[in-house]
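Asks:
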Amino acid sequence: MTTSDRAGLWLPTAADDDDYIGPYRIIREVGAGGMGVVYLGVDPVDRPVAVKVLREHIAGDANARARLRRELSTLEKVRHRCVAGVLDADLEAARPYIVTEFVAGPQLDEYVDAQGPLAREGLVNLGHGLIGALSAIHDMRIVHRDLKPGNILLHERQPVVIDFGIAQLADDVRLTMTGLFVGTPGYVAPEVIYGHSASPATDWWGFAATMVFAATGRSPAGTGPIEVVLDRIRRGELDTRGVDDDLRPLLDQCLLADPQARPSAPEIIERFELYAAGRSTATATPVLAPVEPPTLIQPTERPATAVLAQPTQQPPQRTPPPAKAPRQPDNSKLAKSRTPYVAPPTRGVRRAGTIAAIGLLMIALVASTPLVAVGTLWALLSLARFTDRFTEGLQWRDESRGARRSNFVRELAVSPWSAGAAAVGSAATMLLPGAFGMGTALVAGEVLATTELNIGAVGANVALAAGGAIALPVLWWGPGGTSTRRAVRRSVQVLAPGTYGASILTAAALGGAALLAILMWQFPAVNWWPSSVPPGPFG
44 MTTSDRAGLW LPTAADDDDY IGPYRIIREV GAGGMGVVYL GVDPVDRPVA VKVLREHIAG
104 DANARARLRR ELSTLEKVRH RCVAGVLDAD LEAARPYIVT EFVAGPQLDE YVDAQGPLAR
164 EGLVNLGHGL IGALSAIHDM RIVHRDLKPG NILLHERQPV VIDFGIAQLA DDVRLTMTGL
224 FVGTPGYVAP EVIYGHSASP ATDWWGFAAT MVFAATGRSP AGTGPIEVVL DRIRRGELDT
284 RGVDDDLRPL LDQCLLADPQ ARPSAPEIIE RFELYAAGRS TATATPVLAP VEPPTLIQPT
344 ERPATAVLAQ PTQQPPQRTP PPAKAPRQPD NSKLAKSRTP YVAPPTRGVR RAGTIAAIGL
404 LMIALVASTP LVAVGTLWAL LSLARFTDRF TEGLQWRDES RGARRSNFVR ELAVSPWSAG
464 AAAVGSAATM LLPGAFGMGT ALVAGEVLAT TELNIGAVGA NVALAAGGAI ALPVLWWGPG
524 GTSTRRAVRR SVQVLAPGTY GASILTAAAL GGAALLAILM WQFPAVNWWP SSVPPGPFG
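So the sequence shown is numbered by my numbering: it starts at 44 and just counts up by one.
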């Protein structure tokens, strides 16, 4: 399913007050949340996209941006019909943004509120879509951690999950201080509330909570003050009454407070297929009562021994929130605002101007020494892609295995493979832009030769410059452009850190381009080194 298929929109081709975020023209605002504001936009070839501009508390956190950048590099590879794919991102822009497929359709919570709970057929469609989406994202070793009805859009009765990876970052700012929670508390797994590490089991908890909502029209954790809702989730006191009796056993087990006690992904898939076939998801093994996971001890909390598991024979007993936990007078208002207070952010340095200056230098190099320019561009792209792969791999090892000296050695051991893949990928990415550039240069050369433009011998240089001016945008935005943009941006950030470094690199690139232009004007000629004669069609 393509972006255009999903959007199904008429888009204006012009606007009196066009607003651009990066290269994307903004049409209108379509939503806002704790992570940012979402706009409907169009890309340079008028395809509809969703542009999410990050809020200040995310954009201004260097560590948060770094982790989100790593997540996005993986998410860009996810391809599934029920996942709104990540198309582009620039976290160092003046207005940091993330671009995903635009999906024209209501949120699941809006649909259920308006149309009522889903029948069995609707639940089967929803479940199949969510299972497929979660399986695809888990295969990339990513955990969503914020699966909920508000993060699911319905397109042609099929779910499309949004905010993969981006949602992970939100957890860092939701729990901003003791007693202050910002987000959707009814759909946060117990281990996240406790501050424990999330896992795929966390997403399957969110899957079950979402399915309960779709089947009943209400959250399994109910409503009320945030502390009460979170306490129900921690203790596993969730209400699944009203769910189809055939589906309820599976959802009850997925909602257990202990992640280790929840069914595995293969078991969930197998049992849900039973429901799709009209059978019950109940198992022969009796389901034990929810067991509260270990309490995370903090100085302000009461001792862990004060929390006792309830006997399985007794009905659930509600306990009040910890007496010593500090309370905020306007806690409920803050929760509804969805925007936590944070210190003023430090903006990332915009690199678009620097990259554009490097592009001008490459065009000038193409106009003067085209074969050298092609070789230089391939080498630079290969180096950028290798650096990106190496850095990403090392960071993933540090996060998954913990920071160890052996991580660098292990990543270094596979670096020859990474270097080879980077070189081959760069060469493949340059084929289509090269064809466009050559065609443009040949056409421009013929036009200049048959017109009365008096530009003298420099005409060949101008024709090649025109080819370079077409080839570079195709390289940047064409097939493989996502990886190219990410690798180049990361390399420029490493090569020219900070405003001072970016300014120096920009000035050097512009100076080099100007110098080459002056030399070509004074000594108009095309140097085809290392070849002694112009290749093929240029001969």
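The beta carbon of each residue, even a glycine, is placed where N, CA and C say it ideally should be.
Here the structure is a predicted model, which is why all the values come from computation and not from measurement.
#1: Could you check what DSSP says for LEU115 in three-state terms: helix, strand or coil?
#2: Cα separation between ARG275 and ARG261?
#3: Quick one, which of PRO413, SER546, TRP248 and ILE205 has its alpha-carbon nearest VAL576's?
#4: Name the DSSP beta bridge partners of LYS120, please?
#5: Could you check how far apart the C-beta atoms of LEU553 and LEU403 are, in whole angstroms? I think they sit under 8 Å.
#6: Which stretch, first to last residue, makes up the alpha helix (DSSP H) that contains ALA470?
#7: If GLY511 and ALA410 are in contact, beta carbons under 8 Å, what's the gap, nearest whole angstrom?
#8: Take ASP152 as the anchor and find which of PRO192, LEU559 and LEU317 has the nearest alpha-carbon.
#9: Give me the residue from THR549, LEU83 and ALA257 with the minimum Cα distance to PHE145.
#10: First and last residue of the beta strand (DSSP E) that includes VAL85?
#11: Rounded to whole angstroms, what is the Cα-Cα separation between PRO476 and LEU538?
#12: For the alpha helix (DSSP H) that contains GLY402, what are its first and last residues?
#13: So what does DSSP say about ARG188, is it helix, strand or coil?
#14: Is it buried or exposed, TYR5, if we count other Cβ atoms within 10 angstroms and call 16 or more buried?
#15: Expressed to the nearest angstrom, what Euclidean distance is found between the alpha-carbon atoms of LEU177 and TRP247?
#16: CA-CA distance, ASP62 and ASP86?
#17: Let me know the secondary structure DSSP gives VAL235 once reduced to three states.
#18: Determine the DSSP secondary structure at ARG322, reduced to helix, strand or coil.
#19: For LEU290 versus THR324, is the C-beta spacing smaller than 9 Å?
#20: Going by other Cβ atoms of all chains shown within 10 Å of its Cβ, with 16 needed for buried, is GLU119 buried or exposed?
#21: Apply the 10 Å Cβ neighbour rule to VAL535 and answer buried if 16 or more other Cβ atoms are within range, or exposed otherwise.
#22: Alpha carbon to alpha carbon, what distance is there between MET481 and SER574?
#23: Determine contact between the stretch 231-247 and the stretch 271-286, defined as no fewer than three beta-carbon pairs at a distance below 8 Å.
#24: Comparing alpha-carbon positions, which option in ALA471, GLY463, ALA470 and THR434 lies nearest ARG453?
#25: Considering VAL142, what are the terminal residues of the beta strand (DSSP E) in which it resides?
#26: Find the nearest neighbour of GLY555 within the set LEU507, PHE566 and ILE406, judged by alpha-carbon distance.
#27: Rounded to the nearest angstrom, what separates LEU559 and GLU99 at their Cα positions?
#28: Looking at the structure shown, is ARG447 part of a helix, part of a strand, or coil, going by DSSP?
#29: Mind checking whether ALA179 and VAL126 have CB atoms under 9 Å apart?
#30: To which residues does DSSP link ALA75 through a beta bridge?
#31: Looking only at its chain, what residues have a beta carbon closer than 7 Å to the beta carbon of ARG122, apart from the 5 residues adjacent to it on each side?
#32: So the alpha helix (DSSP H) ALA176 belongs to, where does it begin and stop?
#33: Compute the Euclidean distance between the alpha carbons of TRP397 and ARG528, then round it to the nearest angstrom.
#34: Relative to the C-alpha of GLY172, which residue among PHE315, VAL92, LEU485 and SER307 is closest?
#35: My output table needs one value for SER575: the three-state DSSP class, helix, strand or coil.
#36: Leaving out five residues on either side along the sequence, give the residues of the same chain with a beta carbon under 7 Å from the beta carbon of HIS198.
Replies: Per the coordinate set shown:
#1: helix
#2: 15 Å
#3: PRO413
#4: Looking at the DSSP assignment, LYS120 forms no beta bridge with any residue, so it has no partner.
#5: 7 Å
#6: 458-493
#7: 7 Å
#8: PRO192
#9: LEU83
#10: 79-85
#11: 25 Å
#12: 395-411
#13: coil
#14: The chain is shown only over 44 to 582; residue 5 falls outside these bounds and no answer can be derived.
#15: 8 Å
#16: 12 Å
#17: helix
#18: coil
#19: yes
#20: buried
#21: buried
#22: 17 Å
#23: yes
#24: THR434
#25: 140-144
#26: ILE406
#27: 41 Å
#28: coil
#29: yes
#30: VAL80
#31: GLY128
#32: 163-182
#33: As written in the sequence, residue 397 is Thr, which differs from the Trp given in the question. Roughly 13 Å separates the two Cα atoms.
#34: PHE315
#35: coil
#36: ARG49, VAL146, ALA147 and GLY148
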